[in-house]
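Offset between the sequence shown (1-based) and the working numbering: plus 49.
Each residue gets a CB set at the ideal place from its N, CA and C atoms; glycine is no exception.
Nothing here was measured: the structure is a model prediction, and the numbers come from that model.
Here's the structure we're looking at; comments come further down.
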Amino acid sequence: MPIQTTSKIWHNGSLIPWEQANLHVMSHVIHYGSSVFEGIRCYGQPEGSAVFRLPEHMQRLLDSAKIYRMEIPYNLEELCAAVVDVIEANGVTPCYIRPIALRGYGEIGVSPKGSPVEVYIANFPWGKYIAGHGGADVCVSSWNRLAPNTMPSLAKAGANYMNSQLIRMEAEINGYQEGIALDVNGLVSEGSGENIFIVRNGVIFTPPLANSALSGITRDSVLTIARHLGLPVNEQPVPRELLYIADEVFFSGTAAEVQPIRSIDRILVGDGNIGPITRQIGDEFMSIANGLKPDRFGWLTPVKVTARESVSA
Ligand SMILES: Cc1ncc(COP(=O)(O)O)c(C=O)c1O
50 MPIQTTSKIW HNGSLIPWEQ ANLHVMSHVI HYGSSVFEGI RCYGQPEGSA
100 VFRLPEHMQR LLDSAKIYRM EIPYNLEELC AAVVDVIEAN GVTPCYIRPI
150 ALRGYGEIGV SPKGSPVEVY IANFPWGKYI AGHGGADVCV SSWNRLAPNT
200 MPSLAKAGAN YMNSQLIRME AEINGYQEGI ALDVNGLVSE GSGENIFIVR
250 NGVIFTPPLA NSALSGITRD SVLTIARHLG LPVNEQPVPR ELLYIADEVF
300 FSGTAAEVQP IRSIDRILVG DGNIGPITRQ IGDEFMSIAN GLKPDRFGWL
350 TPVKVTARES VSA
């Protein structure tokens, strides 16, 4: 889906016109993938709108930058305020927010020392990430997730998404909506842009972060909601074949939200319908995000923009 432009983009402390947020082709990031970024959603509320887990996302941006020794000249509070500013300036919600810190134009060598760090934050409308109602048809990818001690999985870095692109393209070319990647040891890791949950006999499983998975904010939200609902959850290594005998499988992610999976490698998950635990957690997640249930975990940051769509769970 083409990007729907808005009016302003936040750049290093100022709001600039969308069409002026350009980079030189010789910028370090273009050659070496040197960026760290976030994906955040802002949801309509019965009154106004609210950003979902804003401090957690911006802290992950700072963490990703720290791993790559990238100095961001803004602290957590300043970055969170910048997100609110750009949303209010553009007046567009619900929306997706894309903060990115990158190594800009300076020197051409691999060492990033001579290239300035630039920070941009854009927001724009973005609907459903994985198409289809009733669950996605996905495959296990022939591509593995990043091996430990090669590219750090806990950093949400632009370069990691070369691997994600291989997973996603292979899935789409073969007629699937998304791919599930295994880690280098053949254990389930995550989707190209989502964490994964498996339900069997009433117990919820998700791979631990050590299986080369991103520390998803939605993953944490799902774990929190599940524990709050009294559902048993286990963060433990997941063998591939558990995917095929699961009662329910779903993805979690900011873009994908709670996304049921209908089949994996053409094997139906359960009876192929959305399972009760997936539905319960998904409904709870969307109700909190849309302000239809109390924000009991303190996940919402209000913004003064009226949403263009009425809210629903
Ligand atoms: C590779 C990968 N895993 C997991 C996730 C889910 O993370 P989050 O829930 O923070 O969006 C994402 C999305 O950012 C991702 O790109």
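CA-CA distance, residue i and residue j?
{"i": "residue 347", "j": "residue 158", "result": "44 Å"}
{"i": "residue 231", "j": "residue 208", "result": "18 Å"}
{"i": "residue 184", "j": "residue 342", "result": "24 Å"}
{"i": "residue 36", "j": "residue 260", "result": "Any question about residue 36 goes unanswered here, given that the chain covers just 50 to 362."}
{"i": "residue 298", "j": "residue 86", "result": "27 Å"}
{"i": "residue 204", "j": "residue 116", "result": "7 Å"}
{"i": "residue 201", "j": "residue 60", "result": "26 Å"}
{"i": "residue 78", "j": "residue 120", "result": "15 Å"}
{"i": "residue 58", "j": "residue 316", "result": "44 Å"}
{"i": "residue 211", "j": "residue 334", "result": "30 Å"}
Tell me, which residues are paired with residue i by DSSP?
{"i": "residue 147", "result": "171"}
{"i": "residue 65", "result": "58"}
{"i": "residue 193", "result": "231"}
{"i": "residue 152", "result": "166"}
{"i": "residue 272", "result": "Answer is none; residue 272 lacks a bridge partner."}
{"i": "residue 249", "result": "252"}
Tell me whether residue i sits in a helix, a strand or coil according to DSSP, three-state version.
{"i": "residue 94", "result": "coil"}
{"i": "residue 348", "result": "coil"}
{"i": "residue 317", "result": "strand"}
{"i": "residue 281", "result": "coil"}
{"i": "residue 79", "result": "helix"}
{"i": "residue 256", "result": "coil"}
{"i": "residue 329", "result": "helix"}
{"i": "residue 130", "result": "helix"}
{"i": "residue 308", "result": "strand"}
{"i": "residue 262", "result": "coil"}
{"i": "residue 244", "result": "strand"}
{"i": "residue 84", "result": "strand"}
Between which two residues does the beta strand (DSSP E) containing residue i stretch?
{"i": "residue 104", "result": "Here residue 104 belongs to no beta strand (DSSP E); instead the alpha helix (DSSP H) covers 103-116."}
Quick check: is any heavy atom of ligand 1 less than 7 Å from the C-beta of residue i?
{"i": "residue 260", "result": "no"}
{"i": "residue 268", "result": "yes"}
{"i": "residue 301", "result": "yes"}
{"i": "residue 193", "result": "no"}
Does any residue of chain C have a CB that is nearer than 8 Å to the CB of residue i?
{"i": "residue 250", "result": "Included in the structure is just one protein chain, with no chain C present."}
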